[in-house]
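S.K.: Dropping the structure in here first, questions after.
Numbering (my numbering), first residue to last: 424 to 797.
Right under this line is the structure:
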């Protein structure tokens, strides 16, 4: 990542940048830009598939296997009496079921059929769920080890098939690893290990607000619940703000009312004083201007000036209170905007997590060799 572009950054600085990138933050280096840039995005969609499971690999390779089998011209069936010997050599502890063949040809391939129940329990999360699993695993004659990861889901109720072989049937050779496994105990043990590794309940959770999804709840439905919770919390905080600011506004309105009354009173007093002063001045000018009358006229004039000053200060106080009330309204709006951003669902991070079963909660109800029609 060194070179001409972003040359102002040395290797250590670039390492530090990459090591401390926040979520959904990207490191951009382009020949069309003079320097390295970092940018973020709210949403990220990834089309990358994680490690493939055995069943997924098997499904992807199915067409390839078919081609290989055709090239080898493999015929797993036998029509002579020796094919029946293979069936007769199976240990009697192994249950067997035979799919009905409407054509009457009765050419069978070997599979392992499984019916199991898995119990998921978590008291703290209030999870108490049971899941039924039905699997079918193809058994190739040369099979050396049972790989339950290659099994497929199969909801066929194989336990309702006949458990006695039809006459004149042809059978695929059963691998020794199955034929010699008394009661299929080894196969069942391997199955339990596979189910313990692979089976899980996928859930979602949000850290803020703290909420976890219900079993079988989709991500979109979970996000709706998260959004509802965010809205409830936001409305509660807005209500608290409105109460607190309502009290402040009430106090300011009371002061404003007093200030208006003060302005009104000062205005009235000033008007009265001006009239009195005018009369005193006129009397002093056109009457006998005694020193007492002149002094009285001066005092009334000073009183007018003082009341004029008082009224001016009262008006200033009233204007200040009106400004305070307006500022309080803006402040409340700003805090509501902050709450809107705080409780925005777009800023809520949702992560996946899973619940695994306990080994003792995996019950293999039936495991049997199921002969299926070719």
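Ideal Cβ positions, reconstructed from N, Cα and C, are used throughout, including at glycine.
If you measure between the beta carbons of residue 536 and residue 594, is that distance less than 7 Å?
M.R.: Along the chain shown, one-based indexing puts residue 536 at 113. Along the chain shown, one-based indexing puts residue 594 at 171. Taking 7 Å as the Cβ cut-off, residue 536 and residue 594 do not qualify as a contacting pair.
S.K.: Cβ of residue 596 within 7 Å of Cβ of residue 566?
M.R.: The residue given as residue 596 occupies position 173 in the chain shown. The residue given as residue 566 occupies position 143 in the chain shown. No. Outside cutoff.
S.K.: Does the Cβ of residue 534 have 16 or more other Cβ atoms within 10 Å, making it buried, or fewer, making it exposed?
M.R.: As a position in the chain shown, residue 534 is number 111, starting the count at 1. Flag for residue 534 reads buried.
S.K.: Mind checking residue 505: buried by the 16 CB within 10 Å criterion, or exposed?
M.R.: By 1-based counting over the chain shown, the position of residue 505 is 82. Bear in mind that the predicted position of residue 505 carries a pLDDT of just 40, short of 50, making it unreliable; the figure below should be weighed with that in mind. Per the 10 Å Cβ criterion, exposed.
S.K.: Less than 6 Å between the CB of residue 655 and some heavy atom of the ligand FAD, yes or no?
M.R.: Ligands in the displayed structure: none, and consequently the ligand FAD is not present.
S.K.: Note down the Cα distance separating residue 642 from residue 774, rounded to an integer number of angstroms.
M.R.: Residue 642 sits at position 219 when you count from the first residue of the chain shown. Residue 774 sits at position 351 when you count from the first residue of the chain shown. Rounded to whole angstroms, residue 642 to residue 774 spans 10 Å at the Cα level.
S.K.: Report the three-state DSSP secondary structure of residue 753 (helix, strand or coil).
M.R.: The sequence position of residue 753 within the chain shown is 330, counting from 1. Note: residue 753 maps to helix in three-state DSSP.
S.K.: List the endpoints of the continuous beta strand (DSSP E) containing residue 777.
M.R.: Walking along the chain shown from the start, residue 777 turns up at place 354. From DSSP, the beta strand (DSSP E) with residue 777 extends over 773-778.
S.K.: Leaving out five residues on either side along the sequence, give the residues of the same chain with a beta carbon under 6 Å from the beta carbon of residue 686.
M.R.: Locating residue 686 in the chain shown gives position 263, where the first residue counts as 1. The answer, listed in chain order, is 737, 738 and 741.
S.K.: Would residue 618 and residue 785 be called neighbours here (beta carbons separated by less than 7 Å)?
M.R.: Counting from one through the chain shown, the residue named residue 618 turns up at place 195. Counting from one through the chain shown, the residue named residue 785 turns up at place 362. Yes.
S.K.: Restricting to Cα atoms, I'd like to know which of 513, 768, 628 and 650 is closest to residue 777.
M.R.: By one-based count along the chain shown, residue 777 stands at place 354. Measuring from the Cα of residue 777, the nearest candidate turns out to be 628.
S.K.: With DSSP as the reference, please indicate the residues paired to residue 624 in a beta bridge.
M.R.: Taking the first residue of the chain shown as position 1, residue 624 is located at position 201. Partner(s): 778.
S.K.: Let me know the secondary structure DSSP gives residue 799 once reduced to three states.
M.R.: Here the chain comprises residues numbered 424 to 797, so residue 799 is not present and cannot be evaluated.
S.K.: Taking the alpha-carbon of residue 475 as reference, which of 424, 676 and 572 has the nearest alpha-carbon?
M.R.: In the chain shown, residue 475 corresponds to position 52, counting from 1. Closest by alpha carbon: 572.
S.K.: Rounded to a whole number of angstroms, what is the C-alpha to C-alpha distance between residue 579 and residue 522?
M.R.: Translated into the one-based positions of the chain shown, residue 579 becomes position 156. Translated into the one-based positions of the chain shown, residue 522 becomes position 99. Cα to Cα, residue 579 sits roughly 10 Å from residue 522.
S.K.: Using a Cβ-Cβ cutoff of less than 7 Å, which residues in the same chain neighbour residue 638 once the five nearest sequence positions on both sides are dropped?
M.R.: Residue 638 sits at position 215 when you count from the first residue of the chain shown. Once the five neighbours on either side are set aside, the close Cβ partners of residue 638 are 550, 552 and 624.
S.K.: Assuming the contact rule is C-beta atoms closer than 8 Å, residue 672 and residue 748 should be a hit. Round their C-beta distance to whole Å, please.
M.R.: For the purposes of this step, residue 672 is identified with residue 249 of the chain shown, where counting begins at 1. For the purposes of this step, residue 748 is identified with residue 325 of the chain shown, where counting begins at 1. Rounded, the Cβ-Cβ distance is 6 Å, consistent with contact.
S.K.: Since residue 654 and residue 766 should fall inside the 8 Å C-beta cutoff, what is the C-beta to C-beta distance between them, to a whole number of angstroms?
M.R.: Position 231 of the chain shown, counted from the first residue, corresponds to residue 654. Position 343 of the chain shown, counted from the first residue, corresponds to residue 766. 7 Å between Cβ atoms; contact.
S.K.: Going by DSSP, what residues sit across from residue 545 in a beta bridge?
M.R.: Residue 545 sits at position 122 when you count from the first residue of the chain shown. Paired residues: 550.
S.K.: In or out: residue 435 buried (at least 16 other Cβ within 10 Å) or exposed?
M.R.: Position 12 of the chain shown holds residue 435. By the neighbour-count rule (16 or more Cβ atoms within 10 Å), residue 435 is not buried but exposed.
S.K.: If you run the structure through DSSP and keep just helix, strand and coil, what is residue 465?
M.R.: On the chain shown, position 42 is the one that residue 465 refers to. Note: residue 465 maps to coil in three-state DSSP.
S.K.: On the criterion of 16 or more Cβ atoms from any shown chain inside 10 Å, does residue 788 qualify as buried, or is it exposed?
M.R.: On the chain shown, residue 788 is found 365 positions in, with the first residue counted as 1. Residue 788 comes out exposed.
S.K.: Can you give me the C-alpha to C-alpha distance between residue 459 and residue 650, rounded to a whole angstrom?
M.R.: Counted from its first residue, the chain shown places residue 459 at position 36. Counted from its first residue, the chain shown places residue 650 at position 227. Distance between the alpha carbons of residue 459 and residue 650: 37 Å.
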